[in-house]
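Enquirer: Order-wise, the sequence lines are chains A and B.
In this text, residue positions in the first sequence follow the working numbering: the first is 1, and each later residue adds one.
In this text, residue positions in the second sequence follow the working numbering: the first is 1001, and each later residue adds one.
Structure in C-alpha cells, see below.
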Amino acid sequence: MAPKDPIHLPLRWQFIPEADGRTSAVKWKWCAYAQGGKLQMRSKDSFETLTECMEDAKLNGYEHR
Amino acid sequence: MVDPLIYKRMIEQAKDYALFVLDQSGRIMTWNAGAERLKGYAPDEIIGRHFSVFYTREAIESKWPEHELEIATVEGRFEDEGWRLRKDGSRFWANVVITALRDDDGKLLGFSKITRDLSERRLHEQALRHSEERFRLLVEAVEDYAIYMLDPEGVIASWNLGAERIHGYPREDIVGQHFSHLFTPEDIAAGKPWEELGRARRSGRAEGEGWRLKNTGARFWARAVLTAVHDDAGHLRGFAKITQDLTERRHVQDLEKASQNVNEFIAMLAHELRNPLAPIRNAVEVMAKARGDADAHEAMRQTIDRQSAQLARIVDDMLDIARITRGGLIIERGRVELADVVHRAVETAAPAIEDARHTLELDVPVSGLIVRGDRDRLTQVVANVLNNAARYTPHGGRIAVRARAEHGEALVSVRDTGRGIAPQLIERIFDMFVQGRAPLERVGGGLGIGLALARRIAELHGGALQAKSEGEGKGSEFILRLPLSDKAPEPAPLRAEQAQKVTLQRRVLVVDDNVDAASTLGLLLQSLGHETLVVHDGAKALEAAPEFRPDIMLLDIGMPGIDGYEVARRLRAAGHKFRIIAVTGWGQEADRQKAQEAGFDVHLVKPVELGVLAKALEERNGATLH
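Okay, structure coming up:
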C-alpha cells in the first residue's frame, strides 16, 4: 500500500507498537493520515525498533525536507 | 434640730481626721482626738501655739502657712497636700483643707482645719510610680525586640530602643503615625494592618510572621504579637505590639533548605551516575569472558555506547546548570527550521518512547516554521520534554507532538496521556534543584533539572515553555513558544556521521595522564584513519613533539608535573606552529581564556562528541600545518 513517490503534504504520522499475541514481542508500524483524518498510507512491514520504523517512514516522506 | 453637743462630741471624738480651729492669726484654739493621734500633741501642749509648728522649715521660710490663710481668707477655702511634721519631728504626707469661718455679717472669726494622713496612699502611689518607671526603662532599653504601644485606632503612642533599631525610625519621627507605616504596600493594599487590629480586638491577641519595612524601605522578616490592652472597666485602651526581626533566622533556614536541596541533588546525581556505570562495567566483564564472540562484543559495544552517551548527557546537564547559574549559557543565533528540531528531538527520545511502548503521533509541517536560535539547544528543549513524557506516562500510553504557527509565534506542543501534574506543582516543576515532581513516582530516572534548563533555553530565545495539566492522572501538555522568523534557514551543520566521511588523514599526538582515556582516543583516531602517538605526561609530550612532528596535538590540561598550559607555552616558545587542541574537563570561560593565552587553538570539553572532534581535526582556522 505504500506509494512509490514521497508525499509532500503535511501528514500526521503515527508510530504504533504492536505486541505479538503469541510471543508478546513488540513490533513497530507506522501510519500516515491526512489532516482530515483519512489514512493515506501505512507501513508494509513491522519493525523490531522504533528507530527502524522511523527510517522506513522516512523513505515514504516522513521528515522529508 | 440636732443638739450642738452632738456636733461637739463628733468633732472631739473623730480619730481619723485632725480637726481643729485656728484664730484669725493662725493660733490653735481647739484640738480633737484625731489631731492628737495624728500629730502626737496633747491639747494642753498645742492649744495657743501657731499652726506653723506643723510645717517644715522650708515651708515656714517660704511663708507657706501665711499664704494658706491668705487664700482661705480671700477664697473661703484652701486645699493642699504636702509634708507636715509630728511632735516627734517625723514627717507625714497630709491632705489639708482650711476653711474660713465667718459670722452672719461676714466677719472673719477664724479658720477650721481638717488634716488627713495620706502617707500610706502616697507610699503606695510612689511604689507604683517606681514600678512603672522601672518597667518603662526596661522596655525602652530592650534592643532585641521592637516594643511599642498603639492607641485603639492603631496610632503609635510609644517607641522603644529596639523599635528604633529594628525599624530604623527615631521616636520623634514615628510616634503619632499609624502603625501601617511599618507594613509593605502589598499588605496595606490587602488591609492586613486593620485586619490585625480587628483580630486583636476580637480575641485579645494577633500573632504572625511577615515582611515589614524599615525606614529605608528595606524589608525584613518579622514575627509580631499584637495584644489588646483594656482598663479595669474593660474598655479598650490600645494595643501593645512586640516585633522580632527574624531575617537572620529565615536566611539560615533558606540556607539550610538550599543545602538540603543540593544534598538531595547530589544523592540523585550519584544514583544517576551509577545507572549507566553498572551496565558499562557489566559489558566490560562480558567482553572479557566472551573473547572471540563477535556478536557478544558488538552487543556490549552498543551497550557501552548507549550508556556512555547517557553519562555524557548528565555531565552536559551539569555544565549547563553551571553556565545558567553564572549567566554564561551561550545561544547561537542561526535560522532554524522547527520541523528539523522536532525530528532530531524525536530521534533523541526514541529509545525512551520505544522502551515504554508508547504510540507516537507527529503533526508537524514539513517546512515553514522558521525561528532564530540555536538548533542544538532547541532540540535539547523538545527532547527533554519528550523524554519526560515517555518517562511519566505509564507503558503503552500515547504521546502527540504538534507544531504550528499562531499569532506570529511558532508553537510546539507535546501532549501525553501520562500521570499528569497536580495544579500546585505546575510551576514548581521548572524550579532548579527543587524536586517539583517529587510527589510523582520517579519512573524513568533523570536529574530532575532538565525542565529548568529547558525553560531557561526557551527564554533565552525570547520564547517560553509552559506546562498544562488537568490534574494527576489526566496527562500533561508542554508548549514551547518561539518568535517566528520569516527568512530561510541557514544550512544545517554537518552531523557527526557526515563529518567522518570527509576526514583527512592527520598525524595526531595525544597527551593525557588518564591512560585509558588517552589509549581509547588514540585507537578511535586510528580507526578514523589518522596516525597517532600517545604519551601520558607533559615532559614526554615536549620530547615527542619535535620527533613525531604532529599536525595536531590533543593535549589534556590537568596533568601532574608539567601541565597542559605549560606544554603549550613551551611548544609555542620553541616555534612549533602545529594545531594544539585542549581536551579537558575544565570548561569554564576563564579556562578557555587561559588556554588561548597559553597558545591553544581550540578548547574542547570532555567528553568530546566524535563529530565535534572530527570537525576540530578538520578545521585549520589559520593555524599552520606542516
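Yeah, the Cβ is synthetic: ideal placement off N, Cα and C, and Gly gets one too.
Computed from a prediction, not measured in an experiment: that's the story for all the values here.
1. Indicate whether residue 1297 of chain B and residue 1357 of chain B have their beta-carbon atoms separated by less than 8 Å.
2. Nearest chain A C-beta to residue 1363 of chain B closer than 8 Å, yes or no?
3. If we count Cβ pairs, one from each stretch, closer than 8 Å, do we get three or more for the region 1004-1015 of chain B versus the region 1029-1039 of chain B?
4. Applying the 10 Å Cβ sphere with the 16-neighbour rule, what's the burial state of residue 1003 of chain B?
5. Kindly indicate which residue of B:1301, B:1082, B:1169 and B:1462 has the alpha-carbon position closest to the one of residue 1057 of chain B.
6. With distances taken between CB atoms, is the gap from residue 1365 of chain B to residue 1403 of chain B smaller than 8 Å?
7. Could you tell me the distance, in whole angstroms, from the CA atom of residue 1552 of chain B to the CA atom of residue 1538 of chain B?
8. Distance, Cα to Cα, residue 1259 of chain B vs residue 1250 of chain B?
9. Compute the Euclidean distance between the alpha carbons of residue 1574 of chain B and residue 1590 of chain B, then round it to the nearest angstrom.
10. Buried or exposed, going by whether 16 or more other CB atoms sit within 10 Å of the CB of residue 1123 of chain B?
11. Give a yes or no on whether the minimum CB-CB distance between residue 46 of chain A and chain B is below 8 Å.
12. Check for me: the alpha helix (DSSP H) holding residue 1615 of chain B runs from which residue to which?
13. Using DSSP with H/G/I as helix, E/B as strand and the rest coil, what is residue 1183 of chain B?
14. Looking at the structure shown, is residue 1436 of chain B part of a helix, part of a strand, or coil, going by DSSP?
15. Under a three-way DSSP split, which group does residue 1553 of chain B fall into?
16. Below 6 Å CB to CB, which residues in the same chain sit around residue 1172 of chain B once its five sequence neighbours on both sides are set aside?
17. Kindly say whether residue 1354 of chain B, judged by its beta-carbon, lies nearer than 8 Å to any beta-carbon of chain A.
18. Compute the Euclidean distance between the alpha carbons of residue 1019 of chain B and residue 1233 of chain B, then round it to the nearest angstrom.
19. Measuring straight from C-alpha to C-alpha, what distance separates residue 1416 of chain B and residue 1360 of chain B?
20. How about residue 1156 of chain B and residue 1177 of chain B: are their beta carbons less than 8 Å apart?
21. Can you give me the Cβ contacts of residue 1303 of chain B inside the same chain, cut-off strictly under 6 Å, excluding the 5 residues immediately before and after it?
22. At least one CB of chain B closer than 8 Å to the CB of residue 59 of chain A: is that the case?
23. Answer yes or no: does any C-beta atom of chain B fall closer than 8 Å to that of residue 12 of chain A?
24. Any heavy atom of the ligand ATP closer than 7 Å to the beta-carbon of residue 1541 of chain B?
25. For the region 1357-1390 of chain B, list every residue whose C-beta sits within 8 Å of some C-beta in chain A, in sequence order.
26. Once you ignore the five residues that flank residue 1023 of chain B on each side, which residues in its own chain have a CB closer than 7 Å to its CB?
27. For residue 1077 of chain B, collect the residues of the same chain with a Cβ closer than 6 Å to its Cβ; drop the 5 residues on either side in sequence, then sort them by chain order.
28. Can you say whether residue 1549 of chain B is buried or exposed, counting buried as having 16 or more other CB atoms within 10 angstroms of its CB?
29. How many whole angstroms separate the CB atoms of residue 1374 of chain B and residue 1332 of chain B, which I take to be in contact at a CB cut-off of 8 Å?
30. For residue 1050 of chain B, which beta-bridge partners are listed by DSSP?
31. Does any residue of chain A bring its CB to less than 8 Å from the CB of residue 980 of chain B?
32. If you draw a straight line from the alpha carbon of residue 1210 of chain B to that of residue 1151 of chain B, how long is it in whole angstroms?
33. Could you work out which residues of chain A lie near residue 1345 of chain B, taking near to mean beta carbons separated by less than 7 Å?
34. State the beta-bridge partners of residue 1207 of chain B as determined by DSSP.
35. In angstroms with no decimal places, state the Cα-to-Cα distance between residue 1429 of chain B and residue 1451 of chain B.
36. Please list, in chain order, the chain B residues whose beta carbon lies closer than 8 Å to that of residue 39 of chain A.
Expert: With the structure as the only source:
1. Between residue 1297 of chain B and residue 1357 of chain B, the C-beta spacing is not below 8 Å.
2. In terms of beta-carbon proximity, residue 1363 of chain B lines the interface with chain A, with at least one pair separated by less than 8 Å.
3. In short, these stretches touch, since the Cβ pair count reaches three.
4. So residue 1003 of chain B ends up on the exposed side.
5. Here the closest residue by C-alpha is B:1082.
6. Cβ atoms of residue 1365 of chain B and residue 1403 of chain B: closer than 8 Å.
7. One C-alpha to the other measures close to 15 Å.
8. C-alpha of residue 1259 of chain B to C-alpha of residue 1250 of chain B: approximately 14 Å in a straight line.
9. Cα to Cα, the separation comes out at about 25 Å.
10. With fewer than 16 other Cβ atoms inside 10 Å of its own Cβ, residue 1123 of chain B counts as exposed.
11. No, because no Cβ of chain B sits closer than 8 Å to the Cβ of residue 46 of chain A.
12. Residues 1610-1618.
13. Strand, per DSSP.
14. Confidence at residue 1436 of chain B is low in this model, with a pLDDT of 43, below 50, so the placement of that residue is unreliable and no value is reported for it.
15. When DSSP states are grouped into helix, strand and coil, residue 1553 of chain B belongs to the strand group.
16. Cβ neighbours of residue 1172 of chain B beyond the five flanking positions: none.
17. So yes, residue 1354 of chain B belongs to the interface.
18. Per the coordinates, the alpha-carbon of residue 1019 of chain B lies some 36 Å from the alpha-carbon of residue 1233 of chain B.
19. Distance from the CA of residue 1416 of chain B to the CA of residue 1360 of chain B, rounded to the nearest whole angstrom, comes to 9 Å.
20. Contact: yes.
21. Closer than 6 Å at the Cβ level, and outside the excluded window around residue 1303 of chain B, lie 1279 and 1283.
22. With its beta carbon at least 8 Å from every one in chain B, residue 59 of chain A lies outside the interface.
23. Interface annotation, residue 12 of chain A: in contact with chain B, CB-CB separation under 8 Å.
24. This structure does not include the ligand ATP; it has no bound ligands of any sort.
25. Per Cβ criterion, the list reads 1357, 1358, 1359, 1360, 1361, 1362, 1363, 1364, 1365, 1366 and 1367.
26. Cβ neighbours of residue 1023 of chain B beyond the five flanking positions: 1029 and 1110.
27. So the list reads 1099, once near-sequence residues are dropped.
28. Label assigned to residue 1549 of chain B: exposed.
29. Yes, they are in contact, since the Cβ atoms of residue 1374 of chain B and residue 1332 of chain B sit about 4 Å apart, within 8 Å.
30. According to DSSP, which records beta bridges pairwise, residue 1050 of chain B is partnered with B:1027.
31. Given that chain B is displayed from residue 1001 to residue 1626, the structure contains no residue 980 of chain B and the question cannot be resolved.
32. Going from the Cα of residue 1210 of chain B to the Cα of residue 1151 of chain B covers about 22 Å.
33. Listed along chain A is no residue with a C-beta nearer than 7 Å to that of residue 1345 of chain B; the closest approach is about 12 Å.
34. In the DSSP output, where bridge partners are listed per residue, residue 1207 of chain B has B:1225.
35. Between residue 1429 of chain B and residue 1451 of chain B, the C-alpha separation is close to 7 Å.
36. Within chain B, no residue comes near residue 39 of chain A; the closest Cβ sits about 13 Å away, beyond 8 Å.
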